[in-house]
Each structure stands twice: as C-alpha cells, then as structure tokens.
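Colleague: Its first residue numbered 189, the sequence shown is counted upward by one per residue in this note's numbering.
Where is the CB? At the ideal position from N, CA and C, for every residue including glycine.
Below you'll find the structure I mean.
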Amino acid sequence: MFDLILRRVEDTIIALTFLFITLLAFANVVARYVFHASFSFTSELLINLAVLLTMVGAAAATRLGSHPSFSLLRDSTRGVLHKVIIVLVCLGMLIFFGVLVYLGIDTALKQLNSGRLTPSLQIPQWIFSMALPFGALLCVIRTIQIAIIGLKGGEAFVGEEAEAMELAAEIDAKTRERDEERLHHKEGERS
C-alpha cells in the first residue's frame, strides 16, 4: 500500500512537472517569436522544476531498478557475494543520497533564515530548494526498498506496464483453464 501511494505521488509529480515545463517553454518560444519579448520568470521556473523532475525521476528510476548500480558486478555474482555487492551498492547510494538530503536541507534553511527571494518571481528561494532534499529522500526510501528486495532474491519493482501484462497473463491462464474444464465436462456428457 505504501509503495502504491509513493508510486502515485512520484508519477504525478513527474507528469505534472514535465507538462508544466513543456507548456512554459512553448509559451516562452511563442512569446519570443510572436511578440518579440520573453517571459523573464520562465528560466527561473524551468531550472527549479528541472531539479524537481530530475530528483523525483531518480527515485522512480531506482524503484524500477534502472539506476546505475554496478549491474555488471551484481549480475555476474551469485550467493553470498551477490548479497555483499547489493549491500555495498545500496550503502554507496544511501551515502550519496543522504549527503544530498543533508546539503539540500542545509541550503534551504540558510535561504529561509536569510529571507532570500527568487530574482524574478520574488518567491522565497527555499521553497524551490526543497526539491533537492525531497527528491533525495524519495531516493533513500527507494534504495532501502530495492536493497530489501534484492537481499530476498527478488528484482526491482516492476513497472505498471509489466504488472498489467502479468495480470493479463493470469486472466488468460484462468480463461484457458475454464475453457478446458468446459471441454472436459462436455466430453464427459457425450460418453
């Protein structure tokens, strides 16, 4: 249940952020060529939204097992060595993302205490800066989940498409079983 909620949050943030970045960039291009003027705030928003998109996207990539995690070492080992590699890779990732959480919070707190505002929009800068620790915290959660799954012998979370295909295969198998039972039942009635 927790994973489902987290996945929905990640996917929603990714989709809305990407949509907003696309629309904002398109509007700015149209404004430049049609009105010969650009929106001064767009670069400010685009950069900060790109940070959010990158960090939440990294968490989603970790969830799907598509992060750069020394897969050659991990995939070429078995048994205890395989588990050691999983632990080492996940520890490295946790340290990296932990540093990002710490530095992101530290930066945001400094901006909050100084009252720093964004140049164009005059919004408190710490609001945008919280994207870094927020995304890194999502990555920490996903790294822990992947480590647990890997140590239990499983693979990373499957995507929604793979889940839908598995469900379709289950339904197809049940349908075949039911059809075979009906066929056997009809054959039994004939004899």
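Based on DSSP bridge pairs, tell me the residues matched to P312.
Modeller: Position 124 of the sequence shown, counting from 1, holds the residue named residue 312. Paired residues: L305.
Colleague: List, from N- to C-terminal side, the beta strand (DSSP E) runs of 3 residues or more that fit wholly inside the stretch 201 to 270.
Modeller: none
Colleague: CB-CB under 6 Å to M318, same chain, minus the five flanking residues each way: which ones, in chain order?
Modeller: Counting from one through the sequence shown, the residue named residue 318 turns up at place 130. The answer, listed in chain order, is A296.
Colleague: For G341, name the three-state secondary structure that DSSP assigns.
Modeller: Numbered from 1 along the sequence shown, position 153 holds the residue referred to as residue 341. DSSP places G341 outside both helix and strand once states are collapsed to three, so it counts as coil.
Colleague: Just confirm the distance between the C-beta atoms of F206 and L241, as a whole number of angstroms; I'd bet it's less than 8 Å.
Modeller: Taking the first residue of the sequence shown as position 1, residue 206 is located at position 18. Taking the first residue of the sequence shown as position 1, residue 241 is located at position 53. With 8 Å as the limit, F206 and L241 qualify as a contact, their Cβ atoms being about 6 Å apart.
Colleague: Have a look at F214, G267, G292 and flag the residue whose alpha-carbon is nearest the alpha-carbon of L234.
Modeller: By one-based count along the sequence shown, residue 234 stands at place 46. For L234, the nearest C-alpha among the options comes from F214.
Colleague: With distances taken Cα to Cα, identify the nearest neighbour of R330 among A203, R196, A246.
Modeller: Here residue 330 corresponds to residue number 142 of the sequence shown, with the count starting at 1. Comparing Cα positions, the closest option is A246.
Colleague: Does DSSP put M189 in a helix, a strand or coil?
Modeller: Taking the sequence shown and counting its residues from 1, the one referred to as residue 189 is at position 1. Coil at M189, not helix or strand.
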